[in-house]
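Encoded as structure tokens, the structure appears first; notes follow it.
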Amino acid sequence: MLQVTDAAVSVLKSAILHEGEPQLGEPATAIRITPTATDNGRPSLGLQPVAGPEPGDAPAESPDLDVFVAPELAGPLASSILDAQVTPEGPEILLRDQAQEG
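At position 50 of the sequence shown the residue is numbered 49 (numbering that gives the first Met the number 0), and the sequence of numbers has no breaks.
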């Protein structure tokens, strides 16, 4: 199961859910991770604000935020950790392998 760190939850709430800002309509309360591609066609991950999971989505292990993983990514991300680090350009979301934590 994908694990999400406290640092990543903080960035996701701020950057994706815009927590603390006024919302129009029903506010999204969760994040969905989906497959996408960069402008040059390289595989990438998309982070979408959602109200809940889509059919077949897998939940991630995440403190204080619901995170759902699209079915086609659940297997490949099962042994990963979604984390965040601060860079000069701002917060950056990254994936690490859980085995590196040992």
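In this text, a Cβ means the ideal position worked out from N, Cα and C, and glycines have one as well.
Please read all numbers here as calculations on a predicted model, not as lab measurements.
- Distance between ARG95 and LEU1, taken at the CA atoms: about 10 Å.
- Rounded to the nearest angstrom, the gap between the Cα atoms of VAL68 and PRO58 is 6 Å.
- A direct Cα-to-Cα measurement between ASP38 and ASP63 gives close to 32 Å.
- Annotation: the continuous beta strand (DSSP E) that includes ALA83 extends over 79-86.
- Secondary structure note for ASP5: its alpha helix (DSSP H) is the uninterrupted segment 5-10.
- In the DSSP assignment, GLU91 falls within the beta strand (DSSP E) that extends over 89-96.
- CA-to-CA, the gap between SER43 and PRO34 works out to about 6 Å.
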